[in-house]
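Chemist: Numbering follows full-length UniProt numbering, in which position 283 of the sequence shown is assigned residue number 283; successive positions increment by one, without gaps.
One structure is given below, represented as structure tokens, and several questions about it will come after.
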Amino acid sequence: MIYSMTGYGKSVLQLPTKKITIELKSLNSKNLDLNARMPSIYREKELAIRKLLANELVRGKVDFSIYVEATADDSSTQINTPVVKQYMEQLKSVVDANEVELLKMAVRFPDTLNTVREEINEDEWNAIQTEINTAISDLINHRQNEGKVLEEDFNNRVKTIEILLNQVAEMDPERVEAVRERLLKGVEELKEKYDENRFEQELVYYIEKFDITEEKVRLKNHLNYFIESLNTKDSNGKKLGFISQEMGREINTIGSKSNYAPMQQLVVQMKDELEKIKEQLLNVL
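Written out as structure tokens, the structure is:
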């Protein structure tokens, strides 16, 4: 089973005086790239949140956000009454204004408001943690569903490469004969006598040099190993990427050794399927 690195998770917690929304977004990345946004009151919990996300999500470009929306009067800001009165007394000696006008001017001066720093309520934080876990589970389920789509695509493309490889194997005797005829025709066009035994020896040497039997066997093994790794319990996109690189080496060698246009056309098709596999592997966890 494989998991995509693309996912989205969301959870909402309704408290008596506020609504808290937790959002998680994930895209593909070589490593874990975590960006966390949250109100300052929860900053002391950021390291614990990062550790939790790293353990659960492993890899990807992850955006984590906590949004707080006040739904009732829960103001932590209070008027500093003594300071405001002092400003008003001083203003009376400077301007001719009534009490309302003096108050409007006084509240614009520094230190007229006291902001009480909020402390995290542990019961509230425990409820938030539960919702964070819910959002993580939501994102992981999204990754799993995306992974199923990718897995089906990989199976189809590997099967296509295997079919093309079988066609290459079926074409191989035809290729050898075509190479033999091309060389024989070239020698005959020289209109020179030649030693037929020596020609056959050189032909055997030439054909052995361009033999692709080992490449066909190795590519077949790599295809089987790819599917085997695809069906393991853990998702390992990096491992699948390494296998795809080995597949590419064998396909390239077959193409360089084939020396036969119809076979090279099959090789081009295999390369095309493999490139699509590699593109999709960038999004596998």
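Built from N, CA and C at the ideal position, the CB exists for glycine as well.
In the DSSP assignment, find the beta strand (DSSP E) that holds residue 288 and state where it starts and stops.
Modeler: Residue 288 lies beyond the residue range present for the chain, which begins at 1 and ends at 285; the question has no answer from this structure.
Chemist: Mind reading off the beta-carbon distance from N28 to M5? Whole number of angstroms is fine, and I expect it under 8 Å.
Modeler: Translated into the one-based positions of the sequence shown, residue 28 becomes position 28. Translated into the one-based positions of the sequence shown, residue 5 becomes position 5. About 4 Å separates the two Cβ atoms, so the contact holds.
Chemist: Among D172, I140, K238 and L91, which one has its Cα closest to the Cα of K278?
Modeler: As a working mapping, residue 278 is identified with position 278 in the sequence shown. Among D172, I140, K238 and L91, the Cα nearest to that of K278 is on K238.
Chemist: Which partner residues of K25 appear in the DSSP bridge assignment?
Modeler: Counting from 1 along the sequence shown, the entry for residue 25 is found at position 25. Its beta-bridge partners are Y8 and D63.
Chemist: Report yes or no: do the segment 261-280 and the segment 160-178 share at least 3 C-beta pairs separated by less than 8 Å?
Modeler: In short, these stretches touch, since the Cβ pair count reaches three.
Chemist: Taking the C-alpha atoms as reference points, what is the distance between S229 and D33?
Modeler: Here residue 229 corresponds to residue number 229 of the sequence shown, with the count starting at 1. Here residue 33 corresponds to residue number 33 of the sequence shown, with the count starting at 1. Taking the straight line from one Cα to the other gives about 26 Å.
Chemist: Taking the alpha helix (DSSP H) that E97 belongs to, which residues open and close that run?
Modeler: For this step, residue 97 is matched to residue 97 along the sequence shown. Reading off the sequence, residue 97 comes out as Ala, not Glu. Per DSSP, A97 belongs to no alpha helix (DSSP H) and is neither H nor E.
Chemist: What does the alpha-carbon distance come out to for the pair I243 and H222?
Modeler: As a working note, residue 243 is residue 243 in the sequence shown. As a working note, residue 222 is residue 222 in the sequence shown. Near 7 Å, if we compare the C-alpha coordinates of H222 and I243.
Chemist: Can you give me the start and stop residues for the beta strand (DSSP E) that R37 sits inside?
Modeler: Stepping through the sequence shown from its first residue, residue 37 is reached at position 37. Note, R37: beta strand (DSSP E), L32 to R37.
Chemist: Over what stretch of residues does the alpha helix (DSSP H) that includes E250 continue unbroken?
Modeler: As a working note, residue 250 is residue 250 in the sequence shown. Run containing E250: G237 to S258, per the alpha helix (DSSP H) assignment.
Chemist: My output table needs one value for K271: the three-state DSSP class, helix, strand or coil.
Modeler: Taking the sequence shown and counting its residues from 1, the one referred to as residue 271 is at position 271. Here K271 sits in helix by DSSP.
Chemist: Pull up the DSSP beta-bridge partners for L13, would you.
Modeler: As a position in the sequence shown, residue 13 is number 13, starting the count at 1. In the DSSP output, where bridge partners are listed per residue, L13 has I20.
Chemist: Please identify the residue among E124, E23, E215 and G60 whose C-alpha is closest to the C-alpha of M247.
Modeler: Within the sequence shown, residue 247 is the residue found at index 247, counting from 1. Among E124, E23, E215 and G60, the Cα nearest to that of M247 belongs to E215.
Chemist: Answer yes if the segment 173-183 comes into contact with the segment 36-43, meaning at least three C-beta pairs across the two stretches below 8 Å, and no otherwise.
Modeler: Not touching, per the Cβ criterion.
Chemist: So is V284 buried or exposed if we call it buried at 16+ other beta carbons inside 10 Å?
Modeler: Locating residue 284 in the sequence shown gives position 284, where the first residue counts as 1. The residue in question, V284, is buried, as its Cβ has 16 or more Cβ neighbours within 10 Å.
Chemist: Pop quiz: V68 and I20 are said to be a contact at Cβ under 8 Å. What is the actual Cβ separation, rounded to whole angstroms?
Modeler: For this step, residue 68 is matched to residue 68 along the sequence shown. For this step, residue 20 is matched to residue 20 along the sequence shown. Right, their Cβ atoms sit about 6 Å apart.
Chemist: Check the DSSP bridge columns for V107 and list the partner residues they point to.
Modeler: Here residue 107 refers to the residue found at position 107 of the sequence shown. DSSP, once it has assigned bridges, lists no residue as partnering V107.
Chemist: In angstroms, rounded to a whole number, what distance separates the CA positions of Y225 and K18?
Modeler: Taking the sequence shown and counting its residues from 1, the one referred to as residue 225 is at position 225. Taking the sequence shown and counting its residues from 1, the one referred to as residue 18 is at position 18. In a straight line, the C-alpha of Y225 is about 53 Å away from that of K18.
Chemist: Excluding five sequence neighbours on each side, which residues of the same chain lie with their C-beta closer than 7 Å to the C-beta of T71?
Modeler: Counted from its first residue, the sequence shown places residue 71 at position 71. Closer than 7 Å at the Cβ level, and outside the excluded window around T71, lie T17, K18 and K19.
Chemist: What residue from K220, D211 and N156 has the CA that sits closest to Y260's CA?
Modeler: Taking the first residue of the sequence shown as position 1, residue 260 is located at position 260. Checking every option, the nearest Cα to that of Y260 belongs to D211.
Chemist: Taking L281 as the reference, which of F109, T160, K30 and R175 has the closest Cα?
Modeler: Here residue 281 is taken as the residue at index 281 of the sequence shown, counted from 1. Cα-wise, what sits closest to L281 is K30.
Chemist: Using only alpha-carbon positions, find the residue among L266, A54 and I66 that is nearest to R175.
Modeler: In the sequence shown, residue 175 corresponds to position 175, counting from 1. It is L266.
Chemist: Which first and last residues belong to the alpha helix (DSSP H) in which E44 is found?
Modeler: Along the sequence shown, read from residue 1 onward, the residue named residue 44 stands at position 44. It is not in any alpha helix (DSSP H) - E44 carries neither H nor E in the DSSP assignment.
Chemist: Which residue's Cα is closest to the Cα of N156: V83, K276, S65 and I251?
Modeler: Taking the sequence shown and counting its residues from 1, the one referred to as residue 156 is at position 156. Answer by Cα proximity: K276.
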